[in-house]
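Data first, discussion second: the structure below is written as structure tokens.
Residue numbers (the UniProt record's numbering): 1 to 459.
Rendered as structure tokens:
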């Protein structure tokens, strides 16, 4: 069997001869590497010689590139010329050249086997990494959990960056990131929705609370307006009653003056005694002589006499026919000297004990605010001295605020407090039955003293 013509000459059938042996080519052996069984007498090149040639070629290439001004693309260790001339002695046997793997008819290496689960009849390029369906399939859970997102699969993969397995793992990592982003986005949407719902609920509660507060304020304003209207009506009614009482009192005073002027005629031996005149002015109206036996008149007359006695200016005994003659002893006989009146301690009738009246005001305010369940005569905080009640209430007003208007307010307060009808309407149901009449009579007397003090400016 003849070998094909050698392209460099020197082969069989060529007209030239060469002293160097012709290199052996792969096709000289029918595509198989030579071995001792088939190539007897053929010299096999020493691998060290092949290495020396390669190193020399690399050195030449580096020299050429350095002359052009460019750096060498890589640094390969090059043996020195001395070492190159003296080959190393190796105890290892010579390497036997192994044949290359068989090639296909097109001169390419066979394709890798298809992954399991795919049709081997279709090529990898036609199907794609995930079976040719559009979109990436969800990778296996075990594969995703074993992967580390900090070390993505790339060129450092031992399989190779262009390997379909590396591409599959890279797609799995990308899908893992996509899933994580979707999971985080869902959680973020849930949190935003929850926040919006909570905010809406808070706003609803705030609106309800504001509505409740506005309703409460409106209700209180209505109650206040209603109470003020009722209080204004009560005050107006009290003012009308007070004006009517003052009008009646003025009429009674005028009638008393007329009666006094009619009784004081020229038939009387002397003028009207001062006691009768004082009684007419102090108690609002003069009592006629026919009413001398009246118990009320006698009590008032006795009170007036007691005040005059305390003042030390007791008037002379009245003559016969005077209003006070029936209630006083007859004058002594001529020649007999009347006994002097008892010398009582001189007490200023206008003196007011402010501490006592302040305690009385405190007790009265407490009594009006929370009265006892059953009121007898002793439980009523009676004024210490009704004769100076109005004066005490006026003196309790500070000097800077004391004027005609404040004095009138004090008189109105005392009148409303001790008015018999007002007192009975307010405390009538709590009065003890056996003391009820006595209490109301006492209240009436105090009210009359207040009116008398106001009319005579005794404050």
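No residue lacks a Cβ here, since even glycine has one placed at the ideal position from N, Cα and C.
> Who are the Cβ neighbours of residue 158 in its own chain at under 6 Å, not counting the five residues just before and after it?
Replying inline: On the chain shown, residue 158 is found 158 positions in, with the first residue counted as 1. Note that residue 158 scores a pLDDT of 47, beneath 50, so its modelled location is shaky and nothing firm can be said.
>> Going by DSSP in three states, residue 432 sits in which element: helix, strand or coil?
In response: The residue you call residue 432 lines up with position 432 of the chain shown. The answer is coil: DSSP assigns residue 432 none of H, G, I, E or B.
> Would you call the stretch 430-442 and the stretch 360-379 in contact, with 3 or more CB pairs under 8 Å?
Replying inline: yes
> Cα separation between residue 212 and residue 194?
Replying inline: To locate residue 212, count along the chain shown from 1; it is residue 212. To locate residue 194, count along the chain shown from 1; it is residue 194. C-alpha separation (whole angstroms): 27 Å.
> Would you report the Cα separation of residue 359 and residue 405, rounded to the nearest angstrom?
Replying inline: Against the chain shown, residue 359 aligns to sequence position 359. Against the chain shown, residue 405 aligns to sequence position 405. Roughly 25 Å separates the two Cα atoms.
>> Residues in the same chain with beta-carbon distance under 8 Å from residue 444, minus the five sequence neighbours each way, listed in chain order, please.
In response: The residue you call residue 444 lines up with position 444 of the chain shown. For residue 444, where only same-chain residues beyond five positions count, the Cβ hits under 8 Å are 420.
> So, residue 357 versus residue 392, is the Cβ gap smaller than 8 Å?
Replying inline: Mapped onto the chain shown, residue 357 falls at position 357. Mapped onto the chain shown, residue 392 falls at position 392. Remark: C-beta atoms of residue 357 and residue 392 approach each other more closely than 8 Å.
> Distance, Cα to Cα, residue 176 vs residue 192?
Replying inline: Position 176 of the chain shown, counting from 1, holds the residue named residue 176. Position 192 of the chain shown, counting from 1, holds the residue named residue 192. Distance between residue 176 and residue 192, taken at the CA atoms: about 24 Å.
>> My assumption, with CB atoms under 8 Å, is that residue 414 sits in contact with residue 430. Please give the rounded CB distance.
In response: Counting from one through the chain shown, the residue named residue 414 turns up at place 414. Counting from one through the chain shown, the residue named residue 430 turns up at place 430. Residue 414 to residue 430, Cβ: 21 Å. No contact.
> Taking C-beta to C-beta, are residue 352 and residue 395 nearer than 8 Å?
Replying inline: Walking along the chain shown from the start, residue 352 turns up at place 352. Walking along the chain shown from the start, residue 395 turns up at place 395. Yes, they are a contact pair.
> Nearest-angstrom Cα distance between residue 67 and residue 47?
Replying inline: Taking the first residue of the chain shown as 1, we reach residue 67 at position 67. Taking the first residue of the chain shown as 1, we reach residue 47 at position 47. The C-alpha of residue 67 lies about 31 Å from the C-alpha of residue 47.
>> According to DSSP, is residue 44 part of a helix, a strand, or is it coil?
In response: Here residue 44 is taken as the residue at index 44 of the chain shown, counted from 1. Under the three-state reduction of DSSP, residue 44 is assigned to coil, being neither helix nor strand.
> What separation, rounded to the nearest whole angstrom, lies between the Cα atoms of residue 384 and residue 370?
Replying inline: Along the chain shown, one-based indexing puts residue 384 at 384. Along the chain shown, one-based indexing puts residue 370 at 370. For residue 384 and residue 370, the distance between alpha carbons rounds to 21 Å.
> Which stretch, first to last residue, makes up the alpha helix (DSSP H) that contains residue 413?
Replying inline: The residue given as residue 413 occupies position 413 in the chain shown. First-last of the alpha helix (DSSP H) with residue 413: 404-417.
> Where does residue 440 sit, in a helix, a strand or coil, going by DSSP?
Replying inline: On the chain shown, residue 440 is found 440 positions in, with the first residue counted as 1. Helix at residue 440.
>> Quick check on residue 374: does DSSP put it in helix, strand or coil?
In response: Looking up residue 374 in the chain shown gives position 374. Residue 374: coil per DSSP, three-state reduction.
>> Alpha carbons only, please: which of 367, 365, 458 is nearest the one belonging to residue 411?
In response: The count along the chain shown starts at 1 and reaches residue 411 at position 411. Considering only alpha carbons, the answer is 458.
> When we look at the beta-carbon of residue 446 and count the other beta-carbons within 10 Å, is it buried (16 or more) or exposed?
Replying inline: Position 446 of the chain shown, counting from 1, holds the residue named residue 446. With 16 or more other Cβ atoms within 10 Å, it is buried.
>> Extract the residue ranges of the beta strand (DSSP E) inside the stretch 191-268, only unbroken runs of 3 or more that lie entirely within it.
In response: Entirely contained in the stretch 191-268, not one beta strand (DSSP E) run reaches 3 residues.
>> Taking the straight line between their C-alpha atoms, what separation do you get for residue 362 and residue 218?
In response: Taking the first residue of the chain shown as position 1, residue 362 is located at position 362. Taking the first residue of the chain shown as position 1, residue 218 is located at position 218. When rounded, the distance between both Cα atoms is 35 Å.
> Roughly how many angstroms separate the alpha carbons of residue 62 and residue 45, rounded to a whole number?
Replying inline: In the chain shown, residue 62 corresponds to position 62, counting from 1. In the chain shown, residue 45 corresponds to position 45, counting from 1. The alpha-carbon atoms of residue 62 and residue 45 are separated by roughly 26 Å.
> Residues in its own chain within less than 8 Å of residue 251 by CB, not counting five upstream and five downstream?
Replying inline: Here the question's residue 251 lines up with position 251 in the chain shown. Once the five neighbours on either side are set aside, residue 251 has no close Cβ partner at all.
>> Taking the alpha helix (DSSP H) that residue 458 belongs to, which residues open and close that run?
In response: Along the chain shown, one-based indexing puts residue 458 at 458. Counting along the chain, residue 458 falls outside any alpha helix (DSSP H), and DSSP gives it neither H nor E.
> Between residue 49 and residue 179, what straight-line distance do the alpha-carbon atoms span, to the nearest angstrom?
Replying inline: Along the chain shown, read from residue 1 onward, the residue named residue 49 stands at position 49. Along the chain shown, read from residue 1 onward, the residue named residue 179 stands at position 179. Cα-Cα distance, rounded: 58 Å.
> Under the three-state reduction of DSSP, which class applies to residue 391: helix, strand or coil?
Replying inline: Walking along the chain shown from the start, residue 391 turns up at place 391. Helix.
> Considering residue 356, what are the terminal residues of the alpha helix (DSSP H) in which it resides?
Replying inline: Your numbering for residue 356 matches position 356 in the chain shown. That run of the alpha helix (DSSP H) goes 354-369.
> Near residue 239, what residues of its chain come up, given a Cβ to Cβ distance below 6 Å and the 5 sequence neighbours on each side ignored?
Replying inline: If you number the chain shown from 1, residue 239 lands on position 239. For residue 239, where only same-chain residues beyond five positions count, there are no Cβ hits under 6 Å.
> If you draw a straight line from the alpha carbon of residue 197 to that of residue 203, how long is it in whole angstroms?
Replying inline: Here the question's residue 197 lines up with position 197 in the chain shown. Here the question's residue 203 lines up with position 203 in the chain shown. Their Cα atoms are separated by approximately 10 Å.
>> With H, G and I counted as helix, E and B as strand and the rest as coil, what does DSSP make of residue 113?
In response: For the purposes of this step, residue 113 is taken as residue 113 along the chain shown, with counting starting at 1. It is coil, neither helix nor strand.
> Which two residues bound the contiguous alpha helix (DSSP H) that contains residue 421?
Replying inline: Working through the chain shown from its first residue, we reach residue 421 at position 421. Per DSSP, residue 421 belongs to the alpha helix (DSSP H) from 420-427.
>> Taking 6 Å as the limit between beta carbons, can you name the residues of its chain near residue 151, skipping five residues before and five after?
In response: Residue 151 sits at position 151 when you count from the first residue of the chain shown. Caution is warranted here: a pLDDT of 46 is assigned to residue 151, below 50, making its placement in the model unreliable, and no coordinate value can be reported.
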